[in-house]
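Presented below is the structure to which this report refers.
Protein chains: 4
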Amino acid sequence: MLAYQLVGTGGINDLRSAELPVPSPRRGQILIRMRAASLNFRDLLVAKGGYGAEMPVPIIPLSDGCGEVVAVGDDVTHFVVGDRACPTFSNNWTGGPVAAEHIPTSLGGFVDGVLAEYLVCDAAVAVKPPAHLSFEQAACLPCAGVTAWSALNGPRAVKAGETVLTLGTGGVSMFAVQFARAAGARVIATSSSDEKLAQLRALGADDTINYASHPDWEHEVLRLTDGRGVDHVVEIGGGGTLPKSIASTAVNGQVHLIGVLTSGQINPLSIMSWKTIRGILVGSRNDFEAMNRMIEVHRIEPVIDEVFEFDRAADAYRKLEAAKHVGKIVITA
Amino acid sequence: MLAYQLVGTGGINDLRSAELPVPSPRRGQILIRMRAASLNFRDLLVAKGGYGAEMPVPIIPLSDGCGEVVAVGDDVTHFVVGDRACPTFSNNWTGGPVAAEHIPTSLGGFVDGVLAEYLVCDAAVAVKPPAHLSFEQAACLPCAGVTAWSALNGPRAVKAGETVLTLGTGGVSMFAVQFARAAGARVIATSSSDEKLAQLRALGADDTINYASHPDWEHEVLRLTDGRGVDHVVEIGGGGTLPKSIASTAVNGQVHLIGVLTSGQINPLSIMSWKTIRGILVGSRNDFEAMNRMIEVHRIEPVIDEVFEFDRAADAYRKLEAAKHVGKIVITA
Amino acid sequence: MLAYQLVGTGGINDLRSAELPVPSPRRGQILIRMRAASLNFRDLLVAKGGYGAEMPVPIIPLSDGCGEVVAVGDDVTHFVVGDRACPTFSNNWTGGPVAAEHIPTSLGGFVDGVLAEYLVCDAAVAVKPPAHLSFEQAACLPCAGVTAWSALNGPRAVKAGETVLTLGTGGVSMFAVQFARAAGARVIATSSSDEKLAQLRALGADDTINYASHPDWEHEVLRLTDGRGVDHVVEIGGGGTLPKSIASTAVNGQVHLIGVLTSGQINPLSIMSWKTIRGILVGSRNDFEAMNRMIEVHRIEPVIDEVFEFDRAADAYRKLEAAKHVGKIVITA
Amino acid sequence: MLAYQLVGTGGINDLRSAELPVPSPRRGQILIRMRAASLNFRDLLVAKGGYGAEMPVPIIPLSDGCGEVVAVGDDVTHFVVGDRACPTFSNNWTGGPVAAEHIPTSLGGFVDGVLAEYLVCDAAVAVKPPAHLSFEQAACLPCAGVTAWSALNGPRAVKAGETVLTLGTGGVSMFAVQFARAAGARVIATSSSDEKLAQLRALGADDTINYASHPDWEHEVLRLTDGRGVDHVVEIGGGGTLPKSIASTAVNGQVHLIGVLTSGQINPLSIMSWKTIRGILVGSRNDFEAMNRMIEVHRIEPVIDEVFEFDRAADAYRKLEAAKHVGKIVITA
């Protein structure tokens, strides 16, 4: 089969195509003919060695993808040949509380990922995507979608009538706008571009803030909430936003911290007034399935910035690196 | 002031108008010039003695109302003259878990209620209604609205993508349809009238079932959910629906049991597969305020069946007794 | 290998010993040399056909057991030969919320159980028992222990300072006393025998009630709680206790309903004052592991009534049927 | 009446005794003859101006105290003359979620506190202390006790079998050891003194670490938990402990951040693996009452370091400042 591999941690240039044998499904596994994959910022980090020495090389990159089941192993009960399937981000987290063992098992980082014609995975960690989504759309869900879902559905899940703040127009943030709206929250979204702000409003954001024209955008958030602040921030961890996100948060509010690219420092005094910061790393198969039920009820469609053919995978990475996209960058397989 | 009093427990005929002194607000209290009140099935029960020997007589009936603050006592900080205000159902439950002491304190049942020109209540248990609602609309909220909110926002609150079943077109059920939709749930609603089912769909119900033409409507619920059942039932406790509601409930689902008119028996075996039945009695001031934030974000408008003038209060009771209404029956003051 | 099978649903007489081939572990599975099994009331029900037409016959009975891993299949990472292991009650519920698919998979009811020299199970649903327990003690945990744990650790888990009511001296109830005490609750326990009440107090019960001398024992519960009632009842569903359990429950309290032998009816009005009834069916592997951490910290030892040799399995069943035991009845293998 | 006032923010020297009129209880209020008060680190901060410009001066300091009800206003139902009573830390937070309005209302910081012969407070925010405690012991509860309770009883409350880390021997930490043990957790406690570590073990700590001899004490915590880390840290915010506390925390664990004296910075990357940091500020009257039920069941006695006579209040402050104490420093009134 055709596949891409990262042969080192030197960045996009270390992405090489390869001809590899098609894997076979064993007991409990399914073989998926991948049809589409999508990129996350995390994948750039992986390419540049940001996952550290534990990352095996060469490795097939990317965690987010969708395809069609073409073979099933023994004792597989939930999938038959012809079903569509997405793998989950962690290849061993079916449900229940996260544990240390679920972390070093992510596709395209610790084990081979989805940027290939075929993928074998345990049926126990595969899910059927919502029926109304194309392969390209469904390929956006496993990391970016589930992360946004987990942010809003923790121990104190978003409630209708609460206010959610999202930052920028990356994949997680676009899902966060859609999911927060679906859950009945008011959404305040930020971007540095008025054009993107218009896209955010079209997606459902109730209020938007241009952080280029309002560098102290936390004051705008407070103004829009009568000084109260927001109940949830889906904080993607870009340069230096965290202190402003905390300042934007209401008493008893939560900052859901996502970005592995997070930089800067937090002054702990800033959270004393009953504010909570939660680190988040995607979610389980159960989370993925609960998200899908919501996506189906609301017929939500992931926002795709651009779709690249399989042989232009490196261009897809470069578009991600340029950071001008809105929503997800997809590669077909 | 003009007021109505129940002078006995003989039903609607014991509802009498009276001229009573206007009460004065003491420390911590507000005086509200009531502008509208609304009826709940519970109020019929009260009139017929269903609240038992603890009910003082004569008593000003009704718990649901809205008016305007015309005087404030010492140390009142959250209200000023001119504010609109609704009292809460229990006159001593501000927030936190319910306790036995919160039960024998409901307006129009244990203490004087809102069917009068003036009401004094503690500011600690009064709330400001959503700004977009009229007095008549806001008068629908204290019991019926908060009950629907509490049903859907318990220890395992409704989540976007879950399915909620509502029964009939009474006040609580109409709110339940609106609130479940606002929270992103799929709603299945029942009625015995195709015309009312059309109203339910217009209100947001995704699917409807005519229980007259489908007496075994639990089978319809299962059919509409691929055999899975619903995650929540807002069960208003009418004649013999509870066993069907339980049968309509998914593994791990919840039946929120509301009606004080509940009859019949439950076979406990029917809930063994991880089903939960929760008794519900309205909610606290905090619940009321959380509901209002949701109502404001979604600009929800309570469904009013008919508005009666103050001097036709008995006719309003009779309309309630006829049980043909859709939504709430309101009396102006 | 030696094993017992139920060859029909005629009760204990249909329990027959058999010589069966030793199963082989496949990918993801472990082979356990069983050392001990234990009985639950449910196992009598199974023997008498109470599981209905879905029960395959012949079937190896019993769900609760412990043994030693003697072989592992491919890709098993958490177990090595020599480890001790217990299977979970449901052979496909690893963690996360219960779903319909987890119910028809219980050992000794829907699939072959543990009353045999060897058992193969998926490593994903096996757990390592607490180190301080013998095989006989660990064999008490999978159904009875996890059920008591699930009762007390639902969406509103027991908190230190709350009050828990337990009924009788069966396996689940004895665990419930121990686990409730470990969680810092006050425990009120019932029995019809003063001698057993003394055993319950020795196990940690703070207060005990002889329901033979106090047939209206709910009044005793209320007396012992200053009229308030208990926060949790671990209700095992024996003849007609449920209405009394509900009457013993505080406003906002919970009745955790366990017994598959439950009989009688509930008047729904009895739970209107914010009482909750939850049906419970054992729990997941994650629940089992969380329980084990608690058992280890508190060095809890299951209460064993009597240990029978493997060839006296029918006698063990008969002792269970006599219902005079205190704690668990164990069979060695 | 005799009282102390802080007449400025110059520290202990600004603590002056004064002769003030005895206040009168108005509607809904009780008059308490204070019998004992206790100090928290926060009170030193208040004395030194750490509460900022919002602090009124002069002000009667201290939040923690207990006394006897000597008069009640109109409409007080829960207290009669002769009852013992503690005020809550915030004079307007009865229950339910914390809100911004509950923060600037703490006794001895924003409004007059308990270091006086008499205190008037709303009955709605007063609680009856556990019957087995002396005035001196009960005076330790309102801030220090409730804070430790809130830390362990948030949205994901401590469960039996979890592990809790406490830091040092101040008032909150001593309560945290006792409360975590009562809730069935394993406790790891730190101190720089072997003698104090022995006291911690006597109080119930399962394991102790001398952070003077183990400056990298997070490694000891990981060693004691088989590399897993703890589920909860009750972090009192002293100099630079927070990064070590985070490093001591398990995947999915929580750091409950208490100290208003917190210094240093947090690297947000350190919490990415599903760790949560929660800022905590005492709790509501409902929290206080729930704590008291636990204290009663376990007959917990607060640890008192030393009791000072009323006229030696300044010496009590100085002992606190010296930071050599174990448990609480009390002043009688």
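Protein chains in written order, with numbering that gives the first Met the number 0: chain A, 0 to 332; chain B, 0 to 332; chain C, 0 to 332; chain D, 0 to 332.
All residues carry an ideal CB built from backbone N, CA and C; glycine is no exception.
Those residues which DSSP pairs with residue i across a bridge
{"i": "B:E305", "result": "B:I328"}
{"i": "C:H231", "result": "C:V163 and C:Q253"}
{"i": "C:T189", "result": "C:L166 and C:I208"}
{"i": "C:V126", "result": "C:C85"}
{"i": "D:D63", "result": "D:S37"}
{"i": "A:V71", "result": "A:I29"}
Residue i, buried or exposed, once every other Cβ within 10 Å from all chains shown has been counted against 16
{"i": "B:T264", "result": "The question names Thr, but residue 264 of chain B is Gln in the sequence shown. So B:Q264 ends up on the exposed side."}
{"i": "D:T87", "result": "buried"}
{"i": "D:T76", "result": "exposed"}
{"i": "B:S23", "result": "exposed"}
{"i": "C:V80", "result": "exposed"}
{"i": "B:D193", "result": "exposed"}
{"i": "B:S191", "result": "exposed"}
{"i": "C:P20", "result": "exposed"}
{"i": "A:N39", "result": "buried"}
{"i": "A:E219", "result": "buried"}
{"i": "B:S62", "result": "buried"}
{"i": "D:K158", "result": "buried"}
{"i": "A:H324", "result": "buried"}
{"i": "C:V42", "result": "Rather than Val, the amino acid found at residue 42 of chain C in this sequence is Asp. By the neighbour-count rule (16 or more Cβ atoms within 10 Å), C:D42 is buried."}
{"i": "B:S212", "result": "exposed"}
{"i": "C:H101", "result": "buried"}
{"i": "C:D304", "result": "buried"}
{"i": "C:R298", "result": "exposed"}
DSSP state of residue i mapped onto helix, strand, coil
{"i": "C:L241", "result": "helix"}
{"i": "A:A84", "result": "strand"}
{"i": "D:C142", "result": "helix"}
{"i": "C:Q177", "result": "helix"}
{"i": "A:Q4", "result": "strand"}
{"i": "C:Q198", "result": "helix"}
{"i": "B:Y117", "result": "strand"}
{"i": "B:S172", "result": "helix"}
{"i": "A:D13", "result": "helix"}
{"i": "C:E18", "result": "strand"}
{"i": "D:E135", "result": "helix"}
{"i": "D:D314", "result": "helix"}
{"i": "D:A184", "result": "coil"}
{"i": "C:V220", "result": "helix"}
{"i": "B:T104", "result": "helix"}
{"i": "D:I294", "result": "helix"}
8 Å contact criterion, which residue i and residue j should meet: CB distance rounded
{"i": "D:F309", "j": "D:V329", "result": "Their Cβ separation, rounded to whole angstroms, is 11 Å, which puts D:F309 and D:V329 out of contact at 8 Å."}
{"i": "C:V110", "j": "C:N90", "result": "6 Å"}
{"i": "C:Q28", "j": "C:C120", "result": "6 Å"}
{"i": "D:I270", "j": "A:I276", "result": "6 Å"}
{"i": "C:R26", "j": "A:R26", "result": "4 Å"}
{"i": "B:E116", "j": "B:R15", "result": "With a Cβ gap of about 15 Å, B:E116 and B:R15 do not count as contacting."}
Contact test: residue i Cβ vs the ligand GDP heavy atom, cutoff 6 Å
{"i": "A:H297", "result": "Among the components of this structure there are no ligands whatsoever, and the ligand GDP is therefore not found."}
Task: the stretch 153-172 of chain A / the stretch 232-252 of chain A touching (three or more Cβ pairs under 8 Å) - done: yes
Open item on the list: With three or more beta-carbon pairs closer than 8 Å as the criterion, would you say the stretch 148-167 of chain C touches the stretch 283-293 of chain C?
Closed with: yes
TODO: May I ask you to verify whether the stretch 294-305 of chain B touches the stretch 59-76 of chain C, counting CB pairs closer than 8 Å and requiring at least 3?
DONE: no
TODO: Check distances from the C-beta atoms of the stretch 270-298 of chain D to those of chain G and list, in chain order, the residues that come in under 9 Å.
DONE: Of the protein chains in this structure, namely A, B, C and D, none is chain G.
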